[in-house]
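Novice:
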Amino acid sequence: MRKPLLLLGLLWLSACRGVLEVSIEREASPPASFLGKVAYIAGGDVWVVELDTNQRTRLTRDGRNSRPIWSADGQWIAYYKGDQLWALEVGAGREYLISDTPVDEFAWSPVQDQLAYLSAASGLVVWRAIEQSAQNLVESEAMMTLVHFAWDPTGKWLAYEAWGAESRLHKTSLDGVSSTLYMATDRMQIPHLASWSGDGRWLLVWMGPASALAEMDGLPLCLIAADGGTPRCLREKMLLKSDWLSCSPEGSLVLIAGAGRETWINKGLAWMNPEDMKLNWLVKPEEQAVGYPAWSPDGKSIAYSASPFLSPSEAYSQREAALAGRRIWLMDFVSGRRSPLTRDERYRDERPLWSADGQHILFARISETGASLWLMEADGDSLQQVVDELTPRPDPLGDYGYIDWSAWYDWWRPGVP
Numbered sequence: 005m006r007k008p009l010l011l012l013g014l015l016w017l018s019a020c021r022g023v024l025e026v027s028i029e030r031e032a033s034p035p036a037s038f039l040g041k042v043a044y045i046a047g048g049d050v051w052v053v054e055l056d057t058n059q060r061t062r063l064t065r066d067g068r069n070s071r072p073i074w075s076a077d078g079q080w081i082a083y084y085k086g087d088q089l090w091a092l093e094v095g096a097g098r099e100y101l102i103s104d105t106p107v108d109e110f111a112w113s114p115v116q117d118q119l120a121y122l123s124a125a126s127g128l129v130v131w132r133a134i135e136q137s138a139q140n141l142v143e144s145e146a147m148m149t150l151v152h153f154a155w156d157p158t159g160k161w162l163a164y165e166a167w168g169a170e171s172r173l174h175k176t177s178l179d180g181v182s183s184t185l186y187m188a189t190d191r192m193q194i195p196h197l198a199s200w201s202g203d204g205r206w207l208l209v210w211m212g213p214a215s216a217l218a219e220m221d222g223l224p225l226c227l228i229a230a231d232g233g234t235p236r237c238l239r240e241k242m243l244l245k246s247d248w249l250s251c252s253p254e255g256s257l258v259l260i261a262g263a264g265r266e267t268w269i270n271k272g273l274a275w276m277n278p279e280d281m282k283l284n285w286l287v288k289p290e291e292q293a294v295g296y297p298a299w300s301p302d303g304k305s306i307a308y309s310a311s312p313f314l315s316p317s318e319a320y321s322q323r324e325a326a327l328a329g330r331r332i333w334l335m336d337f338v339s340g341r342r343s344p345l346t347r348d349e350r351y352r353d354e355r356p357l358w359s360a361d362g363q364h365i366l367f368a369r370i371s372e373t374g375a376s377l378w379l380m381e382a383d384g385d386s387l388q389q390v391v392d393e394l395t396p397r398p399d400p401l402g403d404y405g406y407i408d409w410s411a412w413y414d415w416w417r418p419g420v421p
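Taking the numbering used here, I'd label the letters of the sequence shown as residues 5 to 421.
(1) Could you round the C-beta distance between A307 and L283 to whole angstroms and report it? I think they count as a contact, below 8 Å.
(2) Helix, strand or coil for P235 per DSSP?
(3) Could you please give the first and the last residue of the uninterrupted alpha helix (DSSP H) stretch that includes R323?
(4) Which residues mark the beginning and the end of the alpha helix (DSSP H) in which E99 is found?
(5) Determine the extent of the beta strand (DSSP E) in which L259 is found, giving its start and end residues.
(6) Assuming contact is defined by CB atoms lying nearer than 8 Å, are A263 and G272 in contact in what I supplied?
(7) Is it right to say Q118 is buried, meaning 16 or more other beta carbons lie within 10 angstroms of its own, or is it exposed?
(8) Which residues share a DSSP beta bridge with T61?
(9) Quick check: the Cα distance between D179 and V391, rounded to an integer number of angstroms?
(10) Buried or exposed: which applies to M147, given that a residue is buried once 16 or more other Cβ atoms fall within 10 Å of its Cβ?
(11) Can the beta-carbon of T176 be found less than 8 Å from the beta-carbon of L141?
(12) Classify S183 as helix, strand or coil using the three-state DSSP reduction.
(13) By Cβ distance below 7 Å, which residues in the same chain neighbour I269 in space, the five residues on each side in sequence not counted?
(14) Does the separation of the CB atoms of F367 and W378 fall below 8 Å?
(15) Note down the Cα distance separating W206 from S123, rounded to an integer number of angstroms.
(16) Tell me the rounded alpha-carbon separation between A1 and Y121.
(17) Can you tell which of S343, P253, I194 has the C-alpha that lies nearest to the C-alpha of P301?
(18) Please report how far the alpha carbon of E393 lies from the alpha carbon of S371, in whole angstroms.
(19) Do you know offhand how far L39's Cα is from L55's?
(20) So, helix, strand or coil for P297, using DSSP?
(21) Could you tell me whether the Cβ atoms of P157 and P398 are closer together than 8 Å?
(22) Helix or strand or just coil, what does DSSP make of S424?
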């Protein structure tokens, strides 16, 4: 097999924009994508593996990259290079400098090649890949801090938090039409934006005081109508992790509930219908410690990572064993029947993701020697390693046992936003 030949072309920088052109010699075009492709970080560089052909391509060579995120059509990858934001046109091998000032967060539109990002210097900005042009949607102001944003499922609106003398939740269109959805009149009820619901009818927010300590131990999840209104909240607290929420095709929500910053104790799996806001336990905290739920495309099954129950008195004496005991589980939503899909005691297994057709599951593994990605059929059969190295290696303790795997990889699946 010929290795891809990467030839560095022309690098030019102009003001806050730049492009690095890379010529790539490829093999014959692969067949139409079925499983899709994974962008991942190895040795600090961005790589891509085609899951249908196992063809691998190294896209960067400076060892300074993290958090690769695919565009909706799978033609672009955005990522951090140090504290700068870059985007790469995969087919052409061209890198573009999007922002040379630090960027707090970024996300592609779910439907178009438009990249939104948030920075203290520029505010909320949308970069259009086709025109290679940027538009400031919301300017930064001295007395207002923009904190988080989220695209709606149609790609027509962005919701964002604005903290200042008053904390507010807004939405703005790409045409600059903006409206206030919620204004906090009480400093104990500050909104922390999580995401939109899958059907775009609701904004999911965590509600609580502007306190780092309170946030670390969890806040109640609330729903605010997409046109604004009074929040409706759960009683139970959950950690502020957006990948601990998952929407079904019908609009129901599964989440990891349970207060406390430690992710290996007091974390159960629950579901709720946005219409009645009733929390229904699927896995109680005294049964397993659960994380990373993922609803199957047909809404019939839920994959998740879990370790055995630990009592609070054992929380720290058994921490390493509890984290190492995480396995991928599958639950039938109707019957509640659940079974482990992985059992290898050499690995800790996390973050299951479904293929577009629901026939395969991709997940991350971490062991004493490193981190890797594996693919299996939805019943646990045909297990295979697809990426043997994610480096720099994630810290196994992470954020009280939580690893933000999106800093290391992203899976583009045809037809999945």
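Idealized CB from N, CA, C, for every residue including glycine.
A quick note: this is a predicted structure, and the numbers were derived from the prediction, not measured.
Specialist: For this structure:
(1) Not confirmed; about 20 Å, so no contact.
(2) coil
(3) 323-328
(4) Not the alpha helix (DSSP H): E99 falls in the beta strand (DSSP E), residues 98-103.
(5) 257-261
(6) no
(7) buried
(8) V52
(9) 41 Å
(10) exposed
(11) yes
(12) strand
(13) A293, L314, P316, A319
(14) yes
(15) 25 Å
(16) Residue 1 lies beyond the range of the chain shown here (5 to 421); nothing can be said about it.
(17) P253
(18) 11 Å
(19) 6 Å
(20) strand
(21) no
(22) This structure cannot speak to residue 424, because the chain is shown only from 5 to 421.
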